[in-house]
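Encoded as structure tokens, the structure appears first; notes follow it.
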Amino acid sequence: MKLSVNIGKLKLKNPVMVASGTFGYAGEFAGFIDINKLGAIVTKTITLKPRPGNPAPRTCETPAGMLNAIGLENPGADAFLKEKLPALNKIGIPVIASIAAETPGELKEIINLLNDAQVNAIELNLSCPNVKSLQSTISGSPLIAQDAQATHNWVRAVRKATRKTIIAKLSPNVADIAEIALAAQRAGADAVSLINTITAMSIDTKTRRPVLANITGGLSGPAVRPVAVRMVWEAYQKIKVPIIGMGGIMDVQSALEFFIAGASAINIGTANFINPRASIEIISGLKQYLKENKIKDINNLIGSLRT
Amino acid sequence: MVSKKKLQFKAKLLYNKREKGSFFRLKILAPAIAASCLPGQFVTLRLTDGCQPLLRRPFSIHRISGSGVEILYELVGRGTQILSQKRPGEYLDIIGPLGNGFNYPLSAIRYPLSILVAGGMGVAPLLFLAERLAYSVERRAHSKGRLYAKRYPLNAFVLIGAKNKNQILCEKEFRKFGCTVKIATDDGSKGYKGKVTQLLQHLLSTIDHRLSTIYGCGPRPMLKEISRICQRRNLAAQLSLEEHMACGIGACLGCAVDTKEGYKTVCKDGPVFDADRIIWEAE
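Protein chains in written order, with my numbering: chain Y, 227 to 533; chain P, 9 to 291.
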């Protein structure tokens with residue numbers, strides 16, 4: 227039975243990764259699971275300079291989901307490379323660095339730093355809904371990933387600067403996800419990640435104030451799963467590069483939906499908060515499913531939706 | 009204080025009963041947590057296997073008795089409603105011990121007087137602290153090579169504030185550990201009529217407080233006021249903070265608190281912080 231999949235030049239022993247921003251830099255989970263059983267780790271998004279993040283409250287619970295507006299708090303690229311990456315590399319599984327930049331100049335600088343570092347792939351976060359300074363100035367769209375041309379330009383800039391595998395992380399806050407995914411593919415992305423969080427808000431009716439200090443945040447968890455599955459399926463019909471599917475995957479059943487819709491791999495996100503063992507349980511659940519259904523290779527399941 | 013080991017397992021509920029009004033007390037069988045946890049640390053519980061509510065809920069460790077961990081909680085929302093309906097014998101997914109607790113033994117030696125200030129549910133972790141403080145003075149008495157027939161008296165004041173007398177919790181338990189308990193209620197139905205922080209001001213102006221440490225747990229405005237009072241009198245205070253939490257283990261960075269060293273997480277860097285490090289928001 228084969229669980230391994232390829233994402234660009236990256237070979238994953240299994241298709242289960244942990245989503246950016248939900249796993250820190252892995253250290254927090256060392257006490258709970260054998261991290262080296264995962265397919266890969268996607269780091270918390272790194273920017274060139276340290277970012278303090280947004281004021282509290284940064285999270286709140288919503289029906290079958292949660293909002294977050296962390297604001298890309300991170301120690302910056304230098305501190306990441308010196309203080310976080312060595313420990314990540316010791317785990318022995320591929321490390322995918324999630325990055326974001328405010329300007330093309332910053333983007334180039336951070337890519338140059340990562341080119342010399344032991345990271346196996348770069349996930350380009352074009353879709354954080356909680357950081358205003360990272361939003362697109364080219365098109366007037368709030369997020370880079372809300373505009374096909376802006377998406378193309380940023381992915382192109384990264385493609386020119388690195389030979390590493392590039393994954394473009396896209397936003398669900400768009401009318402046509404396939405169009406944006408196609409723009410990323412044309413610009414040279416090796417894969418796309420679908421979906422980032424859905425822009426959302428929650429109001430405290432006693433005070434009439436927004437629950438989050440940032441007013442709006444990103445919705446994640448089981449509440450977004452049907453949206454994510456639909457978007458994976460829509461993109462799968464239009465693009466050739468692999469799709470990394472995510473959005474409210476809690477267990478093996480929800481993971482399977484993404485593979486059937488067309489995802490080559492998945493990210494476990496919010497579920498890590500509720501059950502730190504979720505990703506490991508999903509890997510064994512996938513094995514069992516393939517065995518029970520006599521599927522020899524998980525690649526045969528990808529995009530196997532019957533319509 | 010840190011206890012690094014983190015555990016996740018299904019723990020058996022031993023009892024879960026109404027204390028009074030909307031306050032409940034439960035005990036869960038968790039020998040590994042009971043053996044290693046420290047006052048001020050917390051556990052998270054998963055209340056359902058489904059998605060309503062989705063996130064785990066954090067609870068201060070209230071007491072340790074044998075292999076059991078006790079939690080004191082107030083029925084405030086859907087999560088605690090579900091929790092209150094769990095019956096003995098049921099199993100709950102627990103993670104703990106989490107966070108950094110009170111730095112008490114050091115303080116107990118350097119600052120022999122302890123003042124514990126609790127607002128409402130803030131008594132929950134402070135009772136555990138009082139118990140350990142009582143234990144630590146007992147042990148110190150032995151370590152000097154002198155054996156006391158009676159427990160060495162604990163030099164601790166506990167100030168409990170609440171809306172009214174029906175919401176005052178743990179008064180007897182604190183007294184049992186040798187603490188001097190003072191009560192403040194908003195409506196004056198018991199003890200001092202007013203805020204517990206006013207009671208603290210009053211206490212500090214009547215005793216020699218130079219060698220004291222203040223421990224606080226309760227609503228944010230109360231903690232902010234304690235911080236202000238202690239700053240003016242140049243007193244050390246350790247405060248247990250609360251914030252919306254998603255993961256409880258330092259991964260999501262959701263429970264941010266602004267400090268002089270930048271944003272810290274309540275769940276991993278806290279929940280107990282030195283009062284003089286916290287940057288309080290303007291009124």
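The beta carbon of each residue, even a glycine, is placed where N, CA and C say it ideally should be.
No experiment lies behind these values; they were computed from the predicted model shown.
- Judged by DSSP secondary structure, S44 (chain P) falls within the alpha helix (DSSP H) whose first and last residues are 39 to 44.
- Between E179 (chain P) and I191 (chain P), the C-beta spacing is below 8 Å.
- About 4 Å separates the CB atoms of S353 (chain Y) and N422 (chain Y); that is less than 8 Å, so the two are in contact.
- In this structure, DSSP gives T377 (chain Y) a helical state, which the three-state scheme calls helix.
- At a C-beta separation below 7 Å, T248 (chain Y) has these neighbours in chain P: A259, C260.
- Looking at Y:N240, Y:G495, Y:L482, Y:T496, the one whose alpha-carbon comes closest to that of N519 (chain Y) is Y:L482.
- The shortest CA-to-CA distance from I348 (chain Y) to any of Y:S419, Y:G253, Y:A454 is the one to Y:S419.
- Using a Cβ-Cβ cut-off of 8 Å, E299 (chain Y) is close to L261, A264, Y271 of chain P, given in chain order.
- By the neighbour-count definition (other C-beta atoms within 10 Å, threshold 16), D342 (chain Y) is an exposed residue.
- At a cut-off of 8 Å between beta carbons, F306 (chain Y) makes no contact with chain P.
- Taking C-beta atoms as the reference points, A454 (chain Y) and M427 (chain Y) fail to come closer than 8 Å.
- Taking a 10 Å sphere around the C-beta of S446 (chain Y), we find 16 or more other C-beta atoms and assign the residue as buried.
- I233 (chain Y) places its beta carbon less than 8 Å from that of I393 (chain Y).
- In terms of beta-carbon proximity, G447 (chain Y) lines the interface with chain P, with at least one pair separated by less than 8 Å.
- Close to R54 (chain P), with beta-carbon spacing below 8 Å, are these residues of chain Y in chain order: I500, N501.
- Put simply, the backbone Cα of L21 (chain P) is about 21 Å away from that of G256 (chain P).
- For the set Y:V381, Y:K517, Y:I470, Y:L396, the Cα lying nearest the Cα of L333 (chain Y) is the one of Y:V381.
- In the DSSP assignment, C225 (chain P) forms a beta bridge with P:A126, P:S248.
- Nearest Cα to L238 (chain Y) within the set Y:F249, Y:N346, Y:P283, Y:T288: Y:N346.
- At a cut-off of 8 Å between beta-carbon atoms, L219 (chain P) makes no contact with chain Y.
- If you check each beta-carbon in the segment 428 to 448 of chain Y against every beta-carbon of chain P, the ones closer than 7 Å belong to G447, P448.
- For R64 (chain P), the residues of chain Y that pass the 9 Å Cβ criterion are F499, I500, N501, in the order they occur in the chain.
- Counting only Cβ-Cβ distances below 9 Å, P452 (chain Y) has no contacts in chain P at all, with the closest Cβ about 13 Å away.
- In this structure, DSSP gives Q89 (chain P) a helical state, which the three-state scheme calls helix.
- With a 10 Å radius around the Cβ and a threshold of 16 neighbouring Cβ atoms, R236 (chain P) comes out exposed.
- One thing to note: A487 (chain Y) has its Cβ no nearer than 8 Å to the Cβ of I494 (chain Y).
- The beta carbons of A264 (chain P) and G291 (chain Y) sit no closer together than 8 Å.
- Taking a C-beta distance under 8 Å as the contact criterion, T271 (chain Y) and S246 (chain Y) qualify as a contact pair.
- In this structure, DSSP gives F110 (chain P) a state outside helix and strand, which the three-state scheme calls coil.
- With a threshold of 8 Å between beta carbons, M472 (chain Y) makes no contact with chain P.
- Assignment of S419 (chain Y) by DSSP, reduced to helix, strand and coil, places it in the strand class.
- Nearest Cα to I267 (chain Y) within the set Y:T377, Y:A282, Y:V242: Y:V242.
- For N338 (chain Y), there is no enclosing beta strand (DSSP E); the residue is found in the alpha helix (DSSP H) stretching over 330 to 341.
- Interface flag for C286 (chain Y) against chain P is set, since a Cβ pair is found closer than 8 Å.
- The Cβ atoms of F136 (chain P) and P47 (chain P) sit closer than 8 Å to each other.
- Inclusion of L236 (chain Y) and T391 (chain Y) in the CB contact set at 8 Å is warranted, their separation being smaller than that value.
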